[in-house]
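Report on the structure given below.
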Amino acid sequence: MNSFRSLPASRLQFLLPATALAASGFFVPFRALAAAADAPVMLEPVVTTIGRGAEPLHVHVDPKAPAQPVPAHDGADVLKSVPGFSVVRKGGTDGDPVLRGLAGSRLGILIDGEAIFGGCGNRMDPPTAYVFPSAYDRITIVKGPQTVLHGPGNSAGVVRFERDPHRPAAREARLFASATAGGFGRFDAALDARAATPLVQARLTATDTRAGDYRDGDGRTVHSSYRRWSANANAAWTPDARTTLEFSVARSDGEAAYADRSMDGVLFDRENYGLRFERTALTPLVASVEARLYRNYVDHVMDNFSLRPFAPSAGMSGRAVSNPDRLTTGGLVQVVLTPSAPARLTAGVDTQRNTHTVRSTASETTDPYAAKTRTRDAAFRQLGLFTEGAYSLSETRRVYAGARFDHWRATDPRAAVGISMMSTAANPSRDHTRRSGLVSGFARYEHELAGRAATLFAGVGRLQRFPDYWEMVKNESATSVTAFGTRPETTTQLDVGVMHRRGPLQFTIAAFASRIDDFILVQSGVTKMVSAPAMGGMPAMGGMPAATTRVATITRDIDASTWGGEADLGWRFAEHWRVDASLAYVRGDNDTDARPLAQLPPLEGRLGFAYQQPTWSAGALWRAVAAQDRYALNQGNIVGQDLGRTPGFGVLALHASWRVSTWARLSGGVDNLFDRTYAEHISRAGAMVTGFVQTRRVNEPGRFAWVKLDVSL
Numbered sequence: 085m086n087s088f089r090s091l092p093a094s095r096l097q098f099l100l101p102a103t104a105l106a107a108s109g110f111f112v113p114f115r116a117l118a119a120a121a122d123a124p125v126m127l128e129p130v131v132t133t134i135g136r137g138a139e140p141l142h143v144h145v146d147p148k149a150p151a152q153p154v155p156a157h158d159g160a161d162v163l164k165s166v167p168g169f170s171v172v173r174k175g176g177t178d179g180d181p182v183l184r185g186l187a188g189s190r191l192g193i194l195i196d197g198e199a200i201f202g203g204c205g206n207r208m209d210p211p212t213a214y215v216f217p218s219a220y221d222r223i224t225i226v227k228g229p230q231t232v233l234h235g236p237g238n239s240a241g242v243v244r245f246e247r248d249p250h251r252p253a254a255r256e257a258r259l260f261a262s263a264t265a266g267g268f269g270r271f272d273a274a275l276d277a278r279a280a281t282p283l284v285q286a287r288l289t290a291t292d293t294r295a296g297d298y299r300d301g302d303g304r305t306v307h308s309s310y311r312r313w314s315a316n317a318n319a320a321w322t323p324d325a326r327t328t329l330e331f332s333v334a335r336s337d338g339e340a341a342y343a344d345r346s347m348d349g350v351l352f353d354r355e356n357y358g359l360r361f362e363r364t365a366l367t368p369l370v371a372s373v374e375a376r377l378y379r380n381y382v383d384h385v386m387d388n389f390s391l392r393p394f395a396p397s398a399g400m401s402g403r404a405v406s407n408p409d410r411l412t413t414g415g416l417v418q419v420v421l422t423p424s425a426p427a428r429l430t431a432g433v434d435t436q437r438n439t440h441t442v443r444s445t446a447s448e449t450t451d452p453y454a455a456k457t458r459t460r461d462a463a464f465r466q467l468g469l470f471t472e473g474a475y476s477l478s479e480t481r482r483v484y485a486g487a488r489f490d491h492w493r494a495t496d497p498r499a500a501v502g503i504s505m506m507s508t509a510a511n512p513s514r515d516h517t518r519r520s521g522l523v524s525g526f527a528r529y530e531h532e533l534a535g536r537a538a539t540l541f542a543g544v545g546r547l548q549r550f551p552d553y554w555e556m557v558k559n560e561s562a563t564s565v566t567a568f569g570t571r572p573e574t575t576t577q578l579d580v581g582v583m584h585r586r587g588p589l590q591f592t593i594a595a596f597a598s599r600i601d602d603f604i605l606v607q608s609g610v611t612k613m614v615s616a617p618a619m620g621g622m623p624a625m626g627g628m629p630a631a632t633t634r635v636a637t638i639t640r641d642i643d644a645s646t647w648g649g650e651a652d653l654g655w656r657f658a659e660h661w662r663v664d665a666s667l668a669y670v671r672g673d674n675d676t677d678a679r680p681l682a683q684l685p686p687l688e689g690r691l692g693f694a695y696q697q698p699t700w701s702a703g704a705l706w707r708a709v710a711a712q713d714r715y716a717l718n719q720g721n722i723v724g725q726d727l728g729r730t731p732g733f734g735v736l737a738l739h740a741s742w743r744v745s746t747w748a749r750l751s752g753g754v755d756n757l758f759d760r761t762y763a764e765h766i767s768r769a770g771a772m773v774t775g776f777v778q779t780r781r782v783n784e785p786g787r788f789a790w791v792k793l794d795v796s797l
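Using our numbering, the first residue of the sequence shown is number 85, and each one after it goes up by one.
Quick look at the structure:
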């Protein structure tokens, strides 16, 4: 929910000096800039809670706007302010986003329309880890299975990080720049340069973000430092207003310390290449044709000595390194048709292939990982056919519907399965290939009331999701050392609600209820029997294998149900005053085990007050989270498992923003003003790291002050 959204969100563009522009052919008169500096300006204050969209179940976020709490440094961080979202804390960065209690591959993440999957088997690098939010122009969220256009398996919803293409009427150059500094060594910098003519456009984006170890409210230091950088470049050719051919390339890397595990991430090397073609207004029937091709490669390295004091343990007695990678290639072709004035139809095909490999060493000193050969442990192929349409029954009534069919193929090439850090077992699904044909679809009805000031909506969706790498390859099953036979998951969900978007009062109320058949549950701490040879040992006396036990993490199919909803409100109750509020809740049951569904966040509310003058604003944000008494110990998903009950908490943040001139804006704030010690219910368990205090969960940061400068001409 955005505060004071009376004006379009600023793009904070800082133009190059006039001499440089003149030399490059892009001339901006300095007198015009000087005159603009004296012009009256209106300030958009700090965004507190984000939850508004122009259409039901859609949320649009401006990632360049100043925000409270501290402006986000990765994709998950920016989503946690949207009602219905939570984030799993692992350290200072790379948290997993959770929407309505669903995470992992249930939540689709697209970067410029492209799929990206992390390489780490323990989720050090979810897709949002490769996103620096202010490098993008827009974030679009669709909640629930209410679209089929953006890839398969998005039962929780889909999040799209997008850059807006721009074809100017004349030559122009723009430069966006921002810098954020804060406590615990936090520093972010972003640069977005554009140069364009009606014929060609070019854009370069560079970001850098870093922070040291933070302290929780009790002053305990959390192993959480990180540094990330990224660079994106794209060039577009637009021979006319209806044709675009665009090529893009991206690189990023970094390192991150984690408080929830025995290893840290020391390499997050990503490289991406993309090609997009679009042609609009071909005929009265064909509104547009679009085609995309992309290649995403992630090379990830983790170890137990680079970012922490080396400490031998029972599981890792030497300097251990693991080096997984993943190559994802894909594409899309779609056409938008307008067969009649009230109808619009999108149809197309999308595909993706991804291959995962890994190499590792138990002793980097004597057996370097880089000298080893990569071993392929999984390969996936998907081909999808989809169609989605909208039809206006009248000026106030609309229907939306869509369907898609996905054909999946997965291969398990592993000869052996690791059952501990030091032992393996023969893989019973070696060289097995499985195929699945999955069908998904939705329908939604919208009705505008009261002179189009309010919209009622109701939608039903059914979505089938193929198991992902972590569920099917990384884990075991209850009866085998492989979970390769895990069944696809089927979600049937009803979404209803109302939106009001007129006058000083704006609000949205949305509720959902779902039934999930063959819900893919991940359960840790499961005791299994194993023989000595399978553990890499010797037969017992007499030649008979010695039976013993071990603890494993398994994947299970259960039946589950969830229900809940979100509400947000914005009210300008006086000329300079506004209140923003939101509420989110989800409740779920594991119907098979007759116990609560695990990893569901508790009831959460936000209340923000803001005061705005033309050139400055100030406000406060109170976040309150209830205790969570419903949990299922050691059950959850690929992101984490329940650890037990959590108490409720409340944190207060203050913020202010000042428009220094038409070309500069300064904002700042203090998060967790009263230095509370707390942890999110769904966050990971704290690990034993030499030199740090181990906690039940990874605690959130304590009091944190920050300041951000945006430059705009």
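C-beta atoms are modelled at their ideal positions from N, C-alpha and C, and glycine is treated no differently.
{"Check": "Is the CB-CB distance between P155 and T264 below 8 Å?", "Outcome": "yes"}
{"Check": "In three-state DSSP terms, what is D161?", "Outcome": "helix"}
{"Check": "Closer than 7 Å to a non-hydrogen atom of the ligand SAH - does that hold for the CB of I593?", "Outcome": "This structure does not include the ligand SAH; it has no bound ligands of any sort."}
{"Check": "Grab the span of the beta strand (DSSP E) containing E339 for me, first residue to last.", "Outcome": "T327 to A340"}
{"Check": "If we call anything under 8 Å between Cβ atoms a contact, is R514 one with A499?", "Outcome": "yes"}
{"Check": "Please check the pair T570 and Q548, which I expect to be a contact at CB under 8 Å, by giving their CB distance rounded to whole angstroms.", "Outcome": "With 8 Å as the limit, T570 and Q548 do not qualify as a contact, their Cβ atoms being about 13 Å apart."}
{"Check": "Below 8 Å on the Cβ atoms is my guess for P588 versus W655; work out the distance and round it to an integer in Å.", "Outcome": "6 Å"}
{"Check": "Residues in its own chain within less than 6 Å of N316 by CB, not counting five upstream and five downstream?", "Outcome": "T289 and A334"}
{"Check": "F268 and G296 look like a contact to me (Cβ under 8 Å); what is the Cβ gap, rounded to whole Å?", "Outcome": "5 Å"}
{"Check": "Run the CB neighbour count on M878, radius 10 Å, all protein chains shown included, and call it buried at 16 or more, exposed below.", "Outcome": "Only positions 85 to 797 of the chain appear in this structure, which leaves residue 878 out of reach."}
{"Check": "Confirm, please, whether the CB-CB distance from G159 to L191 is below 8 Å.", "Outcome": "no"}
{"Check": "Alpha carbon to alpha carbon, what distance is there between L275 and F788?", "Outcome": "25 Å"}
{"Check": "Could you give the distance in angstroms between the alpha-carbon of S701 and the alpha-carbon of L163?", "Outcome": "24 Å"}
{"Check": "With a threshold of 6 Å on Cβ separation, who are the neighbours of D601 within its own chain once the five nearest residues in sequence on each side are excluded?", "Outcome": "T574 and D643"}
{"Check": "Compute the Euclidean distance between the alpha carbons of Y244 and I195, then round it to the nearest angstrom.", "Outcome": "The identity of residue 244 in the sequence shown is Arg, whereas the question assumes Tyr. Distance between the alpha carbons of R244 and I195 is about 6 Å."}
{"Check": "Please report how far the alpha carbon of A120 lies from the alpha carbon of T746, in whole angstroms.", "Outcome": "In this prediction, A120 scores a pLDDT of 40, lower than 50, which makes its location untrustworthy; the coordinate-derived value is nonetheless stated afterwards. If I take the Cα positions, the gap works out to 7 Å."}
{"Check": "Report all residues from its chain with a CB closer than 6 Å to the CB of P167; omit the five preceding and five following residues, and keep chain order.", "Outcome": "G135, E650, D652, S666 and A668"}
{"Check": "Assuming contact is defined by CB atoms lying nearer than 8 Å, are G175 and Y342 in contact in what I supplied?", "Outcome": "yes"}
{"Check": "If contact is defined by three or more beta carbon pairs under 8 Å, each pair taking one atom from either stretch, is the stretch 473 to 491 in contact with the stretch 423 to 434?", "Outcome": "yes"}
{"Check": "Can you tell me whether W492 is buried or exposed? The criterion is at least 16 other CB atoms within 10 Å of its CB, across all chains shown.", "Outcome": "buried"}
{"Check": "Do L469 and G415 count as a contact pair if the criterion is CB distance below 8 Å?", "Outcome": "no"}
{"Check": "By DSSP, does G627 sit in helix, in strand, or in coil?", "Outcome": "For G627, the predicted structure reports a pLDDT of 49, less than 50, and the residue's modelled location is therefore unreliable. The matter cannot be settled from this model."}
{"Check": "Looking at C-alpha atoms only, which residue of T367, R363, D755 and T445 is the closest neighbour of M400?", "Outcome": "T445"}
{"Check": "Please work out which residues of its chain come closer than 8 Å, Cβ to Cβ, to N511, disregarding the five sequence neighbours upstream and downstream, and give them in chain order.", "Outcome": "D496, R498, A499, A500, V501, V565 and T566"}
{"Check": "Does the beta-carbon of L522 have 16 or more other beta-carbons within 10 angstroms, so that it is buried, or is it exposed?", "Outcome": "buried"}
{"Check": "Which residues share a DSSP beta bridge with L808?", "Outcome": "The shown model of the chain, from 85 to 797, leaves out residue 808, and the question about it has no answer."}
{"Check": "Start and end of the beta strand (DSSP E) containing G703?", "Outcome": "W700 to V709"}
{"Check": "Pull up the distance between the alpha-carbon of T576 and that of G237, whole angstroms please.", "Outcome": "12 Å"}
{"Check": "Report buried or exposed for G266, applying the criterion of at least 16 other Cβ atoms within 10 angstroms of its Cβ.", "Outcome": "buried"}
{"Check": "Tell me the rounded alpha-carbon separation between R255 and R278.", "Outcome": "11 Å"}
{"Check": "Just checking, does the stretch 545 to 562 make contact with the stretch 634 to 641 on the three C-beta pairs under 8 Å criterion?", "Outcome": "yes"}
{"Check": "When DSSP labels each residue in this structure, what does W492 get in the three-state scheme?", "Outcome": "strand"}
{"Check": "From what residue to what residue does the beta strand (DSSP E) around L391 run?", "Outcome": "It is not in any beta strand (DSSP E) - L391 carries neither H nor E in the DSSP assignment."}
{"Check": "Nearest-angstrom Cα distance between E756 and R173?", "Outcome": "Checking the sequence, you will find Asn at residue 756 rather than Glu. Cα to Cα, the separation comes out at about 16 Å."}
{"Check": "Using three-state DSSP, classify R662 as helix, strand or coil.", "Outcome": "strand"}
{"Check": "For A213, which three-state DSSP category applies?", "Outcome": "helix"}
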